[in-house]
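**Student:** If you read the sequence shown in our numbering, its first letter stands for residue 319, the second for the next number, and so on.
C-beta atoms are modelled at their ideal positions from N, C-alpha and C, and glycine is treated no differently.
Pasting a structure here, questions to come.
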Amino acid sequence: MPEIAELMSKLAINEGKTETGLPGVGLYRTSGSIHRTPLLYQQGLIILGQGAKLVHFGGRVYQYDQDHYLALSVPIAAECEAVATPEKPLLSLVVDIDLGVLNQLIGQIEDRIDYRSLTQGCTHQGLFLAKADAAFRNTVQRLLLALSCPLEAQVLGPGLVRELLFRVLCGENAAALHALATKNTNMSRIEKALKQIHGNFSEPFNVDQLAGFVNMSPSTFHRAFKDVTAFSPIQYLKRVRLNKARSLLREDGVRASEAARMVGYESVSQFSREFRRYFGISPSHAGGVSGE
319 MPEIAELMSK LAINEGKTET GLPGVGLYRT SGSIHRTPLL YQQGLIILGQ
369 GAKLVHFGGR VYQYDQDHYL ALSVPIAAEC EAVATPEKPL LSLVVDIDLG
419 VLNQLIGQIE DRIDYRSLTQ GCTHQGLFLA KADAAFRNTV QRLLLALSCP
469 LEAQVLGPGL VRELLFRVLC GENAAALHAL ATKNTNMSRI EKALKQIHGN
519 FSEPFNVDQL AGFVNMSPST FHRAFKDVTA FSPIQYLKRV RLNKARSLLR
569 EDGVRASEAA RMVGYESVSQ FSREFRRYFG ISPSHAGGVS GE
């Protein structure tokens, strides 16, 4: 069977993201080094076929490579860096986490794993690293092979994605995903709050109302939110807005004043100051880096 890096290299034909034809699954190629920069990571799995990346999150540094994958239980704001060249690009497979499939799988295997002991009384952050063991890598290889053929991707792809998620659930450090799929855990409630933030990031923001939306007291919500995301709700919202603004600036070519308005800023000068402080450049000089 071809190596994972070889399969990814053939499939990731574009610099940046390449769509696969299978919903929720994409490939990334990055041919230049990424200096430490803020990014907004989406909920999902990031599997490297070649290269290594560092993620700075919550005061810790997470390094992942061909032997370890990164799982994001919720969308997080972090900083990343990596070394890559045209001769040896960074290659990655990104798979969204389908909560419906996650719940189905846990329902099928819950008799084999004591999920309560994994989730009760624990604090779970929004990301974790896990070892890519032989079974996990075999599933990745077969998924990449299926993606090489449109018909196989359509027929076999969903089942292979399901199998991949099963491997993650049975692997190390997966307690956060169990908590995500369990009602009334802090993780599941914060995930619900994050969906609300991402769906309404340009609207006026009230932390107490958001806490009530997920049936938590303001103080408990604030503490749980920071446990999961490493930021307070206001700090997280600011990072979401700034990352959305950068996407508007570099992908849609909008003016800084328009980007500020579209993401919820009333003051353009405040937007420019916070953008420069966060990204290290002014909105007019916003550049692009790979997002995965």
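How should Gln295 be labelled, buried or exposed, when 16 other C-beta atoms within 10 angstroms of its C-beta is the threshold for buried?
**Tutor:** In this structure the chain extends from 319 to 610, so residue 295 is not present and cannot be described.
**Student:** Which partner residues of Glu337 appear in the DSSP bridge assignment?
**Tutor:** DSSP, once it has assigned bridges, lists Gly344 as partnering Glu337.
**Student:** Who are the near neighbours of Val607 in its chain, counting only those whose CB is closer than 6 Å to its CB and skipping five residues on each side?
**Tutor:** Residue placement at Val607 is poorly supported in this model, since its pLDDT is 45, which falls under 50; the coordinates are not used for a value here.
**Student:** Can you check the segment 400-459 for any beta strand (DSSP E) of at least 3 residues that lies completely inside it and give the ranges in chain order?
**Tutor:** Fully enclosed beta strand (DSSP E) runs of 3 or longer: 408-414 and 445-449.
**Student:** At the level of alpha carbons, what is the spacing between Thr348 and Lys501?
**Tutor:** Approximately 38 Å between the Cα atoms of the pair.
**Student:** Who are Phe375's beta bridge partners in DSSP?
**Tutor:** Beta-bridge pairing links Phe375 to Arg378.
**Student:** Any idea which residues DSSP pairs Pro356 with across the strands?
**Tutor:** In the DSSP output, where bridge partners are listed per residue, Pro356 has Glu397.
**Student:** In the DSSP assignment, the alpha helix (DSSP H) including Ile515 goes from what residue to what residue?
**Tutor:** That run of the alpha helix (DSSP H) goes Asn504 to Gly517.
**Student:** What is the DSSP secondary structure of Asp383, counted as helix, strand or coil?
**Tutor:** In the structure shown, Asp383 sits in a strand (DSSP, three-state: E or B).
**Student:** So, does the CB of Ala529 fall closer than 9 Å to a CB anywhere in chain D?
**Tutor:** Of the protein chains in the structure, only one exists, and it is not chain D.
**Student:** Under 8 Å by Cβ, that's how I've got Leu357 and Cys398 pegged, so tell me the actual separation to the nearest angstrom.
**Tutor:** The pair is a contact, with the Cβ atoms about 5 Å apart (cut-off 8 Å).
**Student:** How about Ile515: is its Cβ closer than 8 Å to a heavy atom in the ligand COA?
**Tutor:** Among the components modelled here there is no ligand, and therefore nothing to report on the ligand COA.
**Student:** Can you list, in chain order, the residues of its chain whose CB lies under 7 Å from that of Gly339, leaving out five sequence neighbours each side?
**Tutor:** So the list reads Pro468 and Ala471, once near-sequence residues are dropped.
**Student:** Determine whether the beta carbon atoms of Phe549 and Ala511 lie at a separation below 9 Å.
**Tutor:** Their beta carbons are not under 9 Å apart, which means Phe549 does not touch Ala511 by this criterion.
**Student:** Here's a check: name, in chain order, each residue in its chain whose Cβ is nearer than 7 Å to the Cβ of Leu566, leaving out the five neighbours to either side.
**Tutor:** Within the same chain, Leu566 has close Cβ partners Val572, Ala577 and Met580.
**Student:** Using a Cβ-Cβ cutoff of less than 6 Å, which residues in the same chain neighbour Phe539 once the five nearest sequence positions on both sides are dropped?
**Tutor:** Taken in chain order, the residues that qualify are Ala529.
**Student:** Tell me the DSSP secondary structure of Gln368 in three-state form.
**Tutor:** Reduced to three states, the DSSP call for Gln368 is strand.
**Student:** Please report the distance separating the alpha-carbon of Pro407 from that of Gly367.
**Tutor:** Straight-line Cα distance between these residues: approximately 10 Å.
**Student:** Does the segment 401-415 come within contact of the segment 319-327, defined as at least 3 CB pairs closer than 8 Å?
**Tutor:** Touching, yes.
**Student:** Once DSSP output is grouped into helix, strand and coil, what is the label at Gly530?
**Tutor:** Helix at Gly530.
**Student:** Are there three or more Cβ pairs, one per stretch, closer than 8 Å when the segment 413-423 is compared with the segment 585-605?
**Tutor:** Judged by Cβ distances under 8 Å, the segment 413-423 makes no contact with the segment 585-605, as fewer than three pairs qualify.
**Student:** With a threshold of 16 other CB atoms inside 10 Å of the CB of Gln520, please say whether the residue is buried or exposed.
**Tutor:** Note that residue 520 is Ser in the sequence shown, not Gln. Exposed, by the Cβ-count rule.
**Student:** From Leu329 to Ser466, what does the alpha carbon distance come to, in whole angstroms?
**Tutor:** Distance between the alpha carbons of Leu329 and Ser466 is about 7 Å.
**Student:** Using only the alpha-carbon positions, how far apart do Ala370 and Gly425 sit?
**Tutor:** Cα to Cα, the separation comes out at about 34 Å.
**Student:** In this structure, how does DSSP classify Gly582 when only helix, strand and coil are distinguished?
**Tutor:** If DSSP states are grouped into helix, strand and coil, Gly582 belongs with coil.
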